[in-house]
Amino acid sequence: MRRVLSVVAVLIFCLALYSCQRWVGISSNELIKRLGPPVNVVPSGDFSVYTYFDGLGGAPMKFYVDQDGIVKRWDATPVPADLGAADDIVFGPAILPGN
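Quick note on my numbering: the sequence shown kicks off at 3 and runs consecutively.
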């Protein structure tokens with residue numbers, strides 16, 4: 003039974019890893035096909051930096067494309083989570099005014 007659970011865990015991990023987007027190694031044409039035209043393209047040394055806005059958080063995603071048009075690396079700025087002040091956070095049922 004333990005062996006079966008181990009195999010299932012490995013399969014789930016492989017599927018999760020396979021479902022991740024592979025950005026490194028694709029061409030700039032494929033990048034444009036997947037994400038549309040970039041918001042900004044800036045030359046930076048040996049690379050051109052293609053900037054996109056993340057559809058989920060709106061944070062900038064930068065793709066570093068070499069002179070052959072291949073994505074060599076990418077990074078995304080994390081979106082800050084603003085949960086408000088401690089006084090604004092209420093746990094439990096909401097108490098509406100007038101009730």
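A virtual CB, placed ideally from N, CA and C, is assigned to each residue, including glycine.
Best match in VAL9, LYS74 and ILE14 for proximity to LYS64 [C-alpha to C-alpha]: LYS74
Beta-carbon proximity list for PRO40, same chain, < 7 Å, skipping 5 on both sides: TYR52, THR53 and TYR54
Whole-angstrom C-beta distance between GLY38 and ILE72, which should lie under 8 Å: Incorrect: roughly 19 Å between the Cβ atoms, too far for contact.
Residue range of the unbroken alpha helix (DSSP H) whose run includes ARG36: 30-37
Between the CA atoms of TRP76 and ASP48 - distance to the nearest angstrom: 15 Å
Inter-residue Cα distance where the pair is ASP56 and ARG5: 40 Å
Alpha-carbon spacing of PRO62 relative to SER29, whole angstroms: 20 Å
Close-in-space but distant-in-sequence residues of the same chain around VAL43 (CB under 6 Å, 5 per side omitted): SER50 and TYR52
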